[in-house]
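Enquirer: Before I ask anything, here is the structure I am working with.
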Amino acid sequence: MSHLYYLYQTISHLYYLYQTISHLYYLYQTISHLYYLYQTISHLYYLYQTISHLYYLYQTISHLYYLYQTISHLYYLYQTISHLYYLYQTISHLYYLYQTISHLYYIYQTISHLYYLYQTISHLYYLYQTISHL
């Protein structure tokens, strides 16, 4: 009887050992799955961070491009104003040249009329001298 009891006890301990190992294995599986879940979440977070940085980079490049466009338009505006000012200066100089030529022509006309007047007076004087000698 004692052997049977000893056998029963041994089987009972072995069964208990089996149960313990089984629970430990289940615990190991659970921890393993939790670790896998942690790794997955970690990778997803890393992916989120990467996407976030790429989006920030895109936004920065977008703003820099907008700034470039703005500077480009301002430079174009400056060039346009510069050309218009140059055109105004050219027209102004041409008008000044026209005024100068106009005044010179007026002086020429005046001198021409004075010369004509001198010629007329000269002829009249010559006529007077001629008549006077007769």
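Counted the way my numbering counts, the sequence shown spans residues 580 to 713. Ideal Cβ placement from N, Cα and C applies to all residues, glycine included. This one's a predicted model, so the numbers in the text were calculated from it and none came from an experiment.
(1) Which stretch, first to last residue, makes up the alpha helix (DSSP H) that contains Leu646?
(2) Distance, Cα to Cα, Ile610 vs Ile600?
(3) Quick check: what's the CA-CA separation for Gln708 versus Tyr694?
(4) Using only the alpha-carbon positions, how far apart do Ile680 and Tyr667 sit?
Expert: Quick answer:
(1) Working through the sequence shown from its first residue, we reach residue 646 at position 67. From DSSP, the alpha helix (DSSP H) with Leu646 extends over Ser581 to His712.
(2) The count along the sequence shown starts at 1 and reaches residue 610 at position 31. The count along the sequence shown starts at 1 and reaches residue 600 at position 21. Answer to the nearest angstrom: the Cα atoms are 15 Å apart.
(3) Position 129 of the sequence shown, counted from the start, is the residue given in the question as residue 708. Position 115 of the sequence shown, counted from the start, is the residue given in the question as residue 694. Whole-angstrom Cα-Cα distance: 20 Å.
(4) For the purposes of this step, residue 680 is taken as the residue at position 101 of the sequence shown. For the purposes of this step, residue 667 is taken as the residue at position 88 of the sequence shown. So the alpha carbons of these two residues sit roughly 20 Å apart.
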